[in-house]
Amino acid sequence: MRSHQGKCGYLRLDGYPSNGLEQASDSGIDKAFLKDQFPELIDLSDSHHASRSQQGDLLTLIELPQFQAPQHAGLTGMDPRVKNQLEALQLHPDRHLHFGRDPELPNKDTLEFKKLESFSLSLNASVWDPPSLNTLWFELVNGAYGDVYRAKALMNLPDGRSMFFNWIVSQESSQFLPLEEISAPNGRPASLSELIVQGKHLDGLRIQSTIDLCLLNDAVLEMHQMPLRDRQKEAIPST
Amino acid sequence: MNHAIISCLLANLPAAEAVLNDIDRQGIDTITCLGDLVGYGPQPNEVVELIRKRGIATCQGCWDEDIIDGLNACECSYPSQLAERRGHLAHQWTDDQLTDENKSFLASLPTSLRRDRLLFVHGSPNSQHEYLLPNMDAFAALERVETAGADILFCGHTHQPYVRELRDGSIRVRLQNADHDCDQGEELTLPMRKIVNAGSVGEPRHGSTNATYVIHNDATDEVEIKEVAYDVGRTCQAIVEAGLPKVFAWRLSHGFEFAEQAEDASHVCER
Amino acid sequence: MIERWALVSGLRGDLETYDLIQRDLKKTRGVTALFVLGDLVGPERNCDALLDRLKNPHRGDLKPDCIYGWWEEQLLAERGFRGERKADALRLSQGEDAVSALLNTVNPSHLKWLASLQFGFIELDCALIHGSSSDVGDNLTSETSPLILLDRLTRLNVNRLFTARSTKQFHLELTGGGINSQVKDLNGKREQQQEVPKRSVIGIGAGLNYTLYDVGSDKTHFLTAGRQTKTKGMGFI
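Protein sequence lines, in the order shown, are assigned to chains A, B and C.
Numbering of the first sequence is given in the working numbering, commencing with residue 664 and proceeding in unit increments.
Numbering of the second sequence is given in the working numbering, commencing with residue 14 and proceeding in unit increments.
Numbering of the third sequence is given in the working numbering, commencing with residue 105 and proceeding in unit increments.
Next comes the structure, spelled out in structure tokens:
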């Protein structure tokens, strides 16, 4: 996407469940992160933009969660249900790549499993105590709340930054990437904030109750934001 | 003669029993405890009663003090909101569990114990809440021992056992005062002193689940650090049965501390 | 350009002495700051006029930056500004009469301002405290063990500690030395040599005896107010 000269578009399909395997709900984390990195990104799930899918120079990335590799390589291996879905959206893919099979995609972002649970939590308008977030994430990916295979989140910090957290069991460490956009220090942020976890024996209640201990209340958030507002005022030159 | 020093039992009965059994097996009669009999762990009454029954000389730890004086006893901040909330929860639970008799025992504990030139404290001679870390400024470390009038200072609180010998020290000074200009200066030779940290029985922080304690030989002044394996699973089961946060059991069973150490470990209370 | 600090303490309500010092400083080159390191109040005389002058400097006064000292601590404790603590140290050392006298020398209207004073200042790599960071009553003198002086400097991680509690004027410099530290733990043994840093503790005096400190050249001048006129034209003035 970075090297493409024209516009980019993005669409995430829901995918289809399989025996004992639960698809994680799409909480919009990937879309929000990509939109932050590429502000001109066209959201093809929005019907207003559907017609733009016909633009000649548009590079469209379509994500499809799938539990097994397709039986055949290339476009012929596409699930017919998916093909129909895309045709209805007037999308005709030029390529069909699958993680773990096609060398163009990183192999380490692949998991194979027989049973999978999913837990997701909306954290919109929540702001974390940063050291508590470090502790929670450490405990989460190291198995304190169940075996976690995959975890992804967008989290808000008191200085206005939003962080993209990404972890997969096959990788050595987590990815922590700051988003470009920073929220103004005026109360709770409006940016998307979500947590998605996939794994086994997940204890959602305990994850949630631990998160509750980590989030800042209004008074503490104000304590963080007041000096930031003062610094902003000082930085504005007087006329 | 050998004597054993234990510290930071943190209401962990299986660990405390294993350590005392290990000490008994070696025929050591004299045991000193550096406090924190309770804290986070699931068996505060049992551990206090074990120490009382054995008549082990004990000084008061920071947790023991906080149970008696209340949480506002110390203004020190936790390293995170999560650690603070967990700490407060554990404090409240421990306070609710402890019998009045055991609380009276904790209240009766002295802040330090002395035997000849050996001094026993929980944190430092200044405070139960001051950490004496192995990498703290060497002169500051020496000051702690020397000002307390001891040759060897035994401490706990950090949960990481070590033996630190401070030797061959000197300080050169030069003085100017109102009556005259600078003098030539003089050199003060510093005595050799030791700080011995006994680690922790109930909540180790050295990367393993084993309990630690130390043995001091009062003839040679040699100190040995001992590690003792114990049935961590029993403690974890007790944590869960007591209704304490399950994450405490997870952390203990993986060799992690219940709560992270404060960043400013050199901080001393302003009480 | 010379930058000089004037350091004063132990006025204990003596407006005349403070006025004398201000007049001295007017005649001295390069004085950019005046620090009053506590003991603004005391039991000997009414302190209100001095406190008014410190809070509301006269035109031409060098504006004082004040911290609280041992006497303020006793007063504020007795007046309920220190939780449950009272003026126990004063009571023990000088008796109930001294406590009563102290209470009578300061109008309660000044208490809020006194309670707002800080424990000390850190300026550049200097700490300015009445006693030390260990305690407001920490009595550091030139006779204090260098090990203790070094500890007080290390606690604040500063190169200069200005202290007033002893009322003495002295500049004690740590010029060298070292120590060997060997640590044994479950991972093995390691050894380290640590040098004594070049640091100083400076007692600034009290009352008429005050101190000027040249920031750039690290020179200390011990003065007595009112004697300036005698040495005018000589020395550093």
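Quick reminder that beta carbons are idealized off the backbone N, C-alpha and C, glycines included.
These numbers come from a predicted model, not from an experiment.
Pick from the options that is closest to residue i, judged by C-alpha positions
| i | options | result |
| --- | --- | --- |
| Arg185 (chain B) | B:His170, B:Gly256, B:Leu126, B:Thr202 | B:Thr202 |
| Thr258 (chain C) | C:Val319, C:Arg108, C:Lys302 | C:Lys302 |
| Arg247 (chain B) | B:Ala24, B:Ile228, B:Asp113 | B:Ala24 |
| Met889 (chain A) | A:Leu721, A:Asp720, A:Gly850 | A:Gly850 |
| Pro250 (chain C) | B:Thr233, B:Glu199, B:Gln39 | B:Glu199 |
| Ser723 (chain A) | A:Gln731, A:Gln729, A:Gln734, A:Leu707 | According to the sequence provided, residue 723 (chain A) is Thr. The question's Ser does not apply to it. Of A:Gln731, A:Gln729, A:Gln734, A:Leu707, the residue nearest in Cα terms is A:Leu707. |
| Arg824 (chain A) | A:Ala814, A:Glu844, A:Gly806, A:Phe839 | A:Glu844 |
| Phe701 (chain A) | A:Gln668, A:Pro821, A:Pro728 | A:Gln668 |
| Ile64 (chain B) | B:Ala255, B:Cys21, B:Gly40 | B:Cys21 |
| Thr873 (chain A) | A:Gly719, A:Leu738, A:Leu784, A:Leu760 | A:Leu784 |
| Leu276 (chain C) | C:Asp242, C:Gln286, C:Lys323 | C:Lys323 |
| Trp109 (chain C) | C:Ile308, C:Gly164, C:Gly330 | C:Ile308 |
| Ala310 (chain C) | C:Val140, C:Val203, C:Gly134 | C:Val140 |
| Glu30 (chain B) | B:Tyr175, B:Tyr226, B:Lys116, B:Asp231 | B:Tyr226 |
| Arg67 (chain B) | B:Asp37, B:His104, B:Tyr53 | B:Asp37 |
| Phe827 (chain A) | A:Tyr679, A:Val883, A:Ser666, A:Ala695 | A:Ala695 |
| Met886 (chain A) | A:Asp822, A:Leu796, A:Ser781 | A:Asp822 |
| Asn115 (chain B) | B:Ala103, B:Gln250, B:Lys239, B:Pro57 | B:Pro57 |
| Cys219 (chain B) | B:Thr107, B:Phe271, B:Gly83, B:His101 | Here residue 219 (chain B) is His; the residue named in the question, Cys, does not match the sequence. Nearest option by C-alpha distance: B:Phe271. |
| Gln298 (chain C) | C:Ile283, C:Pro147, C:Leu290 | C:Ile283 |
| Ser321 (chain C) | C:Gly114, C:Gly134, C:Leu260 | C:Gly134 |
| Thr107 (chain B) | B:Glu59, B:Leu145, B:Tyr91, B:Asn139 | B:Glu59 |
| Gln861 (chain A) | A:Val883, A:Val804, A:Asn797, A:Arg894 | A:Val804 |
| Gly224 (chain C) | C:Leu265, C:Asp192, C:Asp165 | C:Leu265 |
Residue i vs residue j beta-carbon contact at 8 angstroms
| i | j | result |
| --- | --- | --- |
| Trp791 (chain A) | Asn819 (chain A) | yes |
| Asp79 (chain B) | Leu122 (chain B) | no |
| Val214 (chain B) | Val32 (chain B) | yes |
| Leu633 (chain A) | Cys877 (chain A) | Residue 633 (chain A) lies beyond the residue range present for chain A, which begins at 664 and ends at 902; the question has no answer from this structure. |
| Leu288 (chain B) | Ala151 (chain B) | Absent from the model: residue 288 (chain B). The displayed extent of chain B is 14 to 284, so no value can be given. |
| Val319 (chain C) | Glu176 (chain C) | no |
| Val210 (chain C) | Val145 (chain C) | yes |
| His135 (chain B) | Cys75 (chain B) | yes |
| Ser270 (chain C) | Thr245 (chain C) | yes |
| Leu180 (chain C) | Arg186 (chain C) | yes |
| Leu132 (chain B) | Ala163 (chain B) | yes |
| Ser93 (chain B) | Glu273 (chain B) | yes |
| Pro258 (chain B) | Arg99 (chain B) | yes |
| Pro55 (chain B) | Ala224 (chain B) | no |
| Gly235 (chain C) | Asp229 (chain C) | no |
| Ser690 (chain A) | Ile859 (chain A) | yes |
| Val745 (chain A) | Leu676 (chain A) | yes |
| Gly173 (chain C) | Val240 (chain C) | yes |
| Leu124 (chain C) | Ile171 (chain C) | no |
| Arg138 (chain C) | Pro168 (chain C) | The amino acid at residue 138 (chain C) is misidentified as Arg; the sequence shows Leu. A contact, by the Cβ cut-off of 8 angstroms. |
| Arg177 (chain B) | Pro147 (chain B) | yes |
| Glu182 (chain C) | Lys190 (chain C) | yes |
| Ile725 (chain A) | Leu754 (chain A) | yes |
| Gly184 (chain C) | Asp143 (chain C) | no |
| Arg764 (chain A) | Ala814 (chain A) | no |
Nearest-angstrom beta carbon gap, residue j and residue i [assumed within contact, 8 angstroms]
| i | j | result |
| --- | --- | --- |
| Ser856 (chain A) | Leu786 (chain A) | 4 angstroms |
| Cys72 (chain B) | Ser125 (chain B) | 6 angstroms |
| Gln189 (chain B) | Phe274 (chain C) | 7 angstroms |
| Asp255 (chain C) | Ala153 (chain B) | 5 angstroms |
| Ile252 (chain C) | Glu156 (chain B) | 6 angstroms |
| Ile69 (chain B) | Ile44 (chain B) | 5 angstroms |
| Tyr812 (chain A) | Val832 (chain A) | 5 angstroms |
| Gly48 (chain B) | Gly169 (chain B) | 7 angstroms |
| Ser221 (chain B) | Gly281 (chain C) | Contact flag wrong, Cβ pair sits at about 38 angstroms. |
| Gly678 (chain A) | Gln729 (chain A) | 6 angstroms |
Residue i: CB within 7 angstroms of a non-hydrogen atom of the ligand GTP
| i | result |
| --- | --- |
| Gly164 (chain C) | This structure does not include the ligand GTP; it has no bound ligands of any sort. |
Closer than 8 angstroms to chain D by CB, residue i
| i | result |
| --- | --- |
| Leu126 (chain B) | Reference to chain D is not applicable here, since the protein chains of this structure are A, B and C. |
Worksheet item: In chain order, which alpha helix (DSSP H) runs of at least 4 residues are fully inside the stretch 152 to 216 of chain C?
Response: DSSP runs (the alpha helix (DSSP H)) wholly in the stretch 152 to 216 of chain C: 152 to 159, 174 to 182, 192 to 209.
Fill in: 4 or more residues per run - each alpha helix (DSSP H) lying fully within the stretch 51 to 112 of chain B
Fully enclosed alpha helix (DSSP H) runs of 4 or longer: 57 to 67, 75 to 82, 94 to 110.
Worksheet item: So, do the stretch 121 to 136 of chain C and the stretch 313 to 332 of chain C have three or more beta carbon pairs nearer to each other than 8 angstroms?
Response: At 8 angstroms Cβ cutoff, the stretches touch.
Worksheet item: Do three or more CB pairs link the stretch 144 to 162 of chain C to the stretch 109 to 122 of chain C at distances below 8 angstroms?
Response: Touching, yes.
Worksheet item: Should the stretch 722 to 741 of chain A be called in touch with the stretch 754 to 761 of chain A, which here means at least 3 C-beta pairs below 8 angstroms?
Response: In this structure the stretch 722 to 741 of chain A lies against the stretch 754 to 761 of chain A, because at least three pairs of beta carbons, one per stretch, are closer than 8 angstroms.
Practice prompt. Counting only runs of 4+ residues fully inside the stretch 250 to 276 of chain B, write out the alpha helix (DSSP H) ranges in chain order.
Written response: Listed in chain order, they are 259 to 266.
Worksheet entry | Those runs of the beta strand (DSSP E) which lie wholly inside the stretch 829 to 864 of chain A and span at least 3 residues | Runs found: 838 to 841, 857 to 863.
Worksheet entry | Stretch-stretch touch, CB-based, cutoff 8 angstroms, three pairs: the stretch 248 to 268 of chain B with the stretch 214 to 224 of chain B | Remark: three or more beta-carbon pairs, one from each stretch, lie closer than 8 angstroms, so the stretch 248 to 268 of chain B and the stretch 214 to 224 of chain B are flagged as touching.
Discussion item. Going residue by residue through the stretch 233 to 295 of chain C, where are the continuous beta strand (DSSP E) segments of at least 3 residues, counting only ones entirely within it?
Written reply: With a minimum length of 3 residues, the continuous beta strand (DSSP E) runs that stay inside the stretch 233 to 295 of chain C are 264 to 267, 273 to 289.
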